[in-house]
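For the sequence shown, position 118 matches number 117 in numbering that gives the first Met the number 0, and the numbering has no gaps at all.
Backbone N, C-alpha and C fix where the C-beta goes; we use that ideal spot for every residue, glycine too.
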Amino acid sequence: MPPTNPVLRQIHRAAGAVPPLLNCYRKVRDVSKSDPLATALYRKLFDRGRLRLPEIEAETLAPESGDIRFPVSYPLLAGEDAPLLDMLFLLNLAKGRGVKRILEIGTYRARTTAAFHLNCPEAFIASYDIQVLDSPYRRALLNQPNIQLRHASFADSAGVLRNEPPYDLIFVDGSHRVEYVIADSRIALEILAPGGIIVWHDYRPNDFRNRELRVPEGLEVIRQTVPVFAVKHTTCAVHVSAAKKSSSQT
Ligand SMILES: C[S@@+](CC[C@H](N)C(=O)[O-])C[C@H]1O[C@@H](n2cnc3c(N)ncnc32)[C@H](O)[C@@H]1O
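Structure, rendered in structure tokens:
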């Protein structure tokens, strides 16, 4: 398939005019996919200026949690699992803040859901996905009374969610298409508890393997209405809601 990027499309078209050149182009492209230098160059050329959020230190968002437990089932890594550093940030955040209600958009194989449960066993957790993927993590959660793995589109469930108590931690990790990032975020902002936190995943540039990531563009829209920060050393972004004023403050 020809590339969508206009510059790459021109190179592809030029190479296509001479068959040996096309083969050479494909070889270079395939090597580039696994080469960090090529990914860095690709990002410099085509992703420059996309990450514009102000940064925040992870340590300012929660007290230290002491320790973190991590569930492990094979395969150790599947395609859309959150990376370990992001998991460390998320789990420390959930446990350190002592959250009572967690909402996840994008269950995938439920590894992060299971990790939330291990570290916050008392918390109620709802996790949404439009697909059901069988996995040891999912099976371990199925009979837990305080876990709900909901097979539904998050955006289509806004009505249900508005009638539930608000959530202390919302992890937005569903579709990364810009219109979904915006729609999911707007619902998340509505149902966030006072003093609660929203974490968006995959706030990062694209690479050769995934050029469809539009979380940065979605968050540029969202930050027009509320403060949003990129969390240093992770691919997460956050919004923290103001805590409810006590009656003595009003
Ligand atoms: C990146 S994966 C989630 C990874 C998971 N949060 C984790 O940390 O392991 C994205 C998931 O979002 C799901 N998804 C896509 N669109 C969705 C929607 N509208 N509502 C709920 N889930 C959606 C996909 O089916 C996919 O399983």
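The DSSP assignment places 135–140, 157–161 as complete runs of the alpha helix (DSSP H) inside the segment 135–168, in order along the chain (cut-off: 4 residues). For R176, the closest of F123, P215, K94 by C-alpha to C-alpha distance is P215.
P204 counts as buried, since at least 16 other C-beta atoms from the protein chains shown sit within 10 angstroms of its C-beta. With fewer than 16 other CB atoms across the displayed protein chains lying within 10 angstroms of its CB, F69 is exposed. Secondary structure of Y41 (DSSP, three-state): helix. In the DSSP annotation of this structure, the continuous segment of the beta strand (DSSP E) that includes F228 starts and ends at 228–230.
Within the segment 51–136, the complete alpha helix (DSSP H) segments of 4 residues or longer fall at 83–96, 110–118, listed in chain order. The segment 163–171 and the segment 90–110 touch, with no fewer than 3 CB-CB distances between them shorter than 8 angstroms.
For V239, the secondary structure class from DSSP, reduced to helix, strand or coil, is strand. Not one heavy atom of ligand 1 sits closer than 7 angstroms to the Cβ of E211.
By the 16-neighbour rule on beta-carbons within 10 angstroms, Y41 is buried.
Fewer than three Cβ pairs drawn from the segment 81–95 and the segment 142–149 lie within less than 8 angstroms of each other, which leaves the two stretches out of contact. Judged by beta-carbon spacing, A109 lies beyond the 8 angstroms limit of Y73, meaning their Cβ atoms are not closer than that value. Residue environment analysis places N162 among the exposed positions, since fewer than 16 neighbouring C-beta atoms fall within 10 angstroms of its C-beta. By alpha-carbon distance to I186, the top candidate from T106, A241, I221 is I221. Note on H238: 16 or more other CB atoms within 10 angstroms of its CB, so buried under the neighbour-count rule. When the alpha-carbon of L92 is set against those of L21, K43, A125, E56, the nearest one is in E56. K26 has its alpha-carbon roughly 35 angstroms from the corresponding atom of W199.
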